[in-house]
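Residue numbers (our numbering), protein chains in the order written: chain P, 296 to 509; chain W, 7 to 577. Every residue, glycine too, gets a C-beta built ideally from N, C-alpha and C. For reference, the structure is listed below as structure tokens.
Shown next, in the form of structure tokens:
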């Protein structure tokens, strides 16, 4: 049993040393280098109302990587989110309707009747608020929930079906809104990797700026 | 399609040099980085009292179990006490007992099944001292066991467990994780110890944005085939996986080391043959013939799965098409726009084949057949597999194939010039049978008791799929989930905890025993009657054996879950 005790001591010493190396030295070194070399990105890619990177939380209106919930008619809307993009009003927080920061999806299987009901309801509401648009014009990404609930993007088609309505409610011309969508469209890497997509928050910042809301 | 092919090509290009580097480390040969790492390793050996002597398989297995046991104990204490410890800017309290039990087993066994949500369940000190810590050590444990196994099969001594652990961690995992971490930060993954941020939006509402040392966890999560996310939605969240570059980086880093294990294995076997035959050739092959057969068989199964998954997702959900909505882009429920179908289907197949368990889309919302592929690959558990473990599992199928072919032609089965006898076959049978036993046994239990049924959140056939997926993921030490399952309950925490524990350790101990037993056998010379295991014929036999075995054990369950759901949607 003397041998067993020795083995146990090695195991404990090994555990402590590894914890020092893997849990402290490594993340601290990575934090140090990241904060020194890439400050904006290491702190969540926050942006201010002009869409410029900032590290000041008071100036920030969101993160360029995280979607937001928009309810006014003059703004583009993003994808369906099971966590409402962690966006809330003061009353929602006080009443407990907002339960704290999280992420995820509804996790409805393809055959789940709740999925069908949710999409049908959203589709009817969308068609009512966007006259002239037919169901077959609506791309699937706009009415399906994203995996994270924080997807910052919609497809270019999903932006296009909203242009007329955004133009009408914001008082901008359709050409102006179209330009805004084009300027905030991100393309495939090398023309191959990933998908075409439009950043909803950046579009809405541009719309708000053109409307002189800010 | 092009982006899938290019990503896989990049993997194949990278896996060969990395495999060679790992071969040099596993066989204690010189590498270019020795000047840096030798002093570090020596210091660690001295502090821990590691002598580096060769171990028997029993001592090797005992050391592995003991080191893992100590880590489980320390980690459990941290989870229970996290509310009182430092580095807790978001004020998170202690984790409850059964959830702590599940979490600690989950991370020690390289599974990373998460029944908690990272944003609200873990303090930063737990993320670092439990999650990141175990991501390194569980990966290194699996890899160490695999290297000992390969050494045994190639006629070397098994080596020293602690030495393998240290060398793997300092020379492969930490430098690799650091580089991948920097790459992820450059794409937008946060790396900070500051608390979560609340911003005021342009509509006058508020938004909470979760922060943390995400990049540090994210890189080792993939490199170590761990899979447990910093946030609840894992690699679907933009902060964990901001761009297509980060997506490809994460996929390549989880494929790289399991793939490289096979190259290492092939080179070890080649080296042995060369030494025996006293060949004068100096040029090393890329991977070695035995390694190429195993790699090829895995690649065939992987590509078949990928094709099915991609086509199923691209076809979309007929329920949504019926409403008139345009589904040209495929089934987008639970997926992110920046990845689309191609990057999502590839990620899904990679994460379950290489048993990482990270997800960039929600697997619960995959189409029935698209969701069957990840489930199937976890049930096979040998399509590249997690760090080291997948190779060992595939070798079990190789031995089984040799045995079955031997029975068919009436010769004594041999593998790598060693006779396969009753003892090895019994151990192989244990490894191959424990896996379906855990998955199907626990699934049967879950659907027959109220506590199990309470977790199911989708009606009909999909509900059974949720249960099957959870146990397949646990037993295969994968860790992804059909996340709708309400799995943070006493029943689910305990049963999946047990499935993960037995799925990991019974297999590893039995496999080390096989290596020990093979090592002791006398070599038999090849003759005309020897079944060749290094040609294309055997590779195809191997693929069939794997599929036939899966069909015999899992098909009835799959037919009641995903297949039935598919038929009900499309017919």
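Contact check, residue i vs residue j, beta carbons under 8 Å
i: residue 446/W; j: residue 472/W; result: no
i: residue 28/W; j: residue 364/W; result: no
i: residue 418/W; j: residue 425/W; result: yes
i: residue 339/P; j: residue 134/W; result: no
i: residue 136/W; j: residue 71/W; result: no
i: residue 21/W; j: residue 309/W; result: no
i: residue 129/W; j: residue 98/W; result: yes
i: residue 326/P; j: residue 199/W; result: yes
i: residue 430/P; j: residue 326/W; result: no
i: residue 367/W; j: residue 242/W; result: yes
i: residue 566/W; j: residue 470/W; result: yes
i: residue 246/W; j: residue 240/W; result: yes
i: residue 501/W; j: residue 450/W; result: no
i: residue 231/W; j: residue 360/W; result: yes
i: residue 123/W; j: residue 238/W; result: yes
i: residue 427/P; j: residue 459/P; result: yes
Which of helix, strand or coil DSSP assigns to residue i
i: residue 494/P; result: strand
i: residue 207/W; result: coil
i: residue 420/W; result: strand
i: residue 383/P; result: strand
i: residue 255/W; result: helix
i: residue 566/W; result: helix
i: residue 197/W; result: coil
i: residue 244/W; result: coil
i: residue 215/W; result: strand
i: residue 224/W; result: helix
i: residue 263/W; result: helix
i: residue 332/W; result: strand
i: residue 480/P; result: strand
i: residue 341/P; result: strand
i: residue 45/W; result: helix
i: residue 465/W; result: coil
i: residue 348/P; result: strand
i: residue 294/W; result: coil
i: residue 394/W; result: coil
i: residue 358/P; result: strand
i: residue 365/W; result: coil
i: residue 19/W; result: helix
Residue i to residue j span [Cα, whole Å]
i: residue 502/P; j: residue 346/P; result: 12 Å
i: residue 24/W; j: residue 354/W; result: 24 Å
i: residue 229/W; j: residue 330/P; result: 22 Å
i: residue 395/P; j: residue 204/W; result: 11 Å
i: residue 416/P; j: residue 294/W; result: 59 Å
i: residue 337/P; j: residue 185/W; result: 15 Å
i: residue 461/P; j: residue 371/P; result: 7 Å
i: residue 16/W; j: residue 9/W; result: 11 Å
i: residue 526/W; j: residue 307/P; result: 32 Å
i: residue 543/W; j: residue 303/W; result: 11 Å
i: residue 512/P; j: residue 439/P; result: A question about residue 512/P goes unanswered here, because the residues of chain P that appear run from 296 up to 509.
i: residue 437/P; j: residue 256/W; result: 27 Å
i: residue 403/P; j: residue 225/W; result: 30 Å
i: residue 95/W; j: residue 201/W; result: 6 Å
i: residue 5/W; j: residue 545/W; result: Residue 5/W lies beyond the stretch modelled for chain W, which goes from 7 to 577, so this question has no answer here.
i: residue 401/P; j: residue 152/W; result: 39 Å
i: residue 299/P; j: residue 305/P; result: 10 Å
Does the stretch 131 to 147 of chain W come within contact of the stretch 57 to 64 of chain W, defined as at least 3 CB pairs closer than 8 Å?
-> By the criterion of at least three beta-carbon pairs nearer than 8 Å, the stretch 131 to 147 of chain W is not in contact with the stretch 57 to 64 of chain W.
Between the stretch 338 to 350 of chain W and the stretch 308 to 324 of chain W, do three or more beta carbon pairs fall short of 8 Å?
-> yes
What residue ranges within the stretch 381 to 466 of chain P form continuous alpha helix (DSSP H) runs of no fewer than 4 residues, ordered along the chain?
-> 385 to 390, 408 to 424, 435 to 438, 451 to 465
Do three or more CB pairs link the stretch 447 to 464 of chain W to the stretch 324 to 342 of chain W at distances below 8 Å?
-> no
Whole alpha helix (DSSP H) elements within the stretch 486 to 547 of chain W, 4-residue minimum = Every alpha helix (DSSP H) of 4 residues or more that sits fully in the stretch 486 to 547 of chain W is shown, in chain order, as 496 to 526.
Do three or more CB pairs link the stretch 382 to 393 of chain P to the stretch 422 to 439 of chain P at distances below 8 Å?
-> no
Could I get the ranges of all uninterrupted alpha helix (DSSP H) runs contained in the stretch 105 to 174 of chain W, with 4 residues as the minimum, in chain order?
-> List check, alpha helix (DSSP H) in window: 124 to 127, 139 to 159, 167 to 174.
Is it true that the stretch 371 to 381 of chain P meets the stretch 429 to 448 of chain P, where meeting means three or more beta-carbon pairs spaced less than 8 Å apart?
-> yes
Check whether the stretch 389 to 407 of chain W touches the stretch 547 to 558 of chain W, counting contact only when three or more Cβ pairs, one atom from each stretch, lie closer than 8 Å.
-> yes
Say whether the stretch 157 to 171 of chain W touches the stretch 513 to 531 of chain W, bearing in mind that this needs 3 or more beta-carbon pairs closer than 8 Å, one atom from each stretch.
-> yes
So, do the stretch 483 to 491 of chain P and the stretch 392 to 412 of chain P have three or more beta carbon pairs nearer to each other than 8 Å?
-> no
Starting from the N-terminal side, write out each stretch of the alpha helix (DSSP H) that is 4 residues or longer and does not extend beyond the stretch 61 to 103 of chain W.
-> 63 to 87
Would the stretch 481 to 500 of chain W and the stretch 89 to 106 of chain W be scored as touching if the rule is three or more Cβ pairs under 8 Å?
-> Yes, the stretch 481 to 500 of chain W is in contact with the stretch 89 to 106 of chain W.
When the Cβ atoms of the stretch 378 to 396 of chain W are set against those of the stretch 296 to 315 of chain W, are three or more pairs found closer than 8 Å?
-> yes
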